[in-house]
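Residue numbering for the sequence shown follows this note's numbering, beginning at 7 and increasing consecutively.
The beta carbon of each residue, even a glycine, is placed where N, CA and C say it ideally should be.
Working notes, structure below.
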Amino acid sequence: GALPAQLEMPTNGQEQQIERICSEAGIDYRSVQIPSYDVGYTITEQAATLGVERVIIGAQHRSRLEYALKGSVMRALSNLLPEEVQLVIFGG
């Protein structure tokens, strides 16, 4: 069958809070959720398509083995994003 135009992705409830805060501050905000096997490349591609000024990602603590097996989205973004796009990393 045909795939839907958009898939509903579960969130942890923080998205509505972020949208509210950005709206109150007058910040143009868009959350983009796309399933991908190459997350760093996909984020970079979408950033270019949407013409963003800033990419904000959350970081989670991982073991060295997980880091080696899964790679680093942060490293990929650092290498792939153009210099004019700011990369902001929070959490950890």
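Mind checking whether L86 and Y35 have CB atoms under 8 Å apart? Stepping through the sequence shown from its first residue, residue 86 is reached at position 80. Stepping through the sequence shown from its first residue, residue 35 is reached at position 29. In this structure, L86 sits away from Y35, with a CB-CB distance that is not shorter than 8 Å.
Checking the sheet assignment: what are the DSSP bridge partners for R60?
Sequence index remark: in the sequence shown, residue 60 carries index 54 (1-based). In DSSP, R60 forms a bridge with Q92.
Original post:
Where E21 and V79 are concerned, what is the direct C-alpha to C-alpha distance, given to the nearest angstrom?
Top reply: Taking the sequence shown and counting its residues from 1, one reaches residue 21 at position 15. Taking the sequence shown and counting its residues from 1, one reaches residue 79 at position 73. When rounded, the distance between both Cα atoms is 21 Å.
Checklist entry - Between G19 and P88, what straight-line distance do the alpha-carbon atoms span, to the nearest angstrom? => result Taking the first residue of the sequence shown as 1, we reach residue 19 at position 13. Taking the first residue of the sequence shown as 1, we reach residue 88 at position 82. If you take the alpha carbons of G19 and P88, they lie about 31 Å apart.
Check your understanding: Does DSSP classify A54 as helix, strand or coil?
Key -> To locate residue 54, count along the sequence shown from 1; it is residue 48. Secondary structure at A54: helix, using DSSP grouped into helix, strand and coil.
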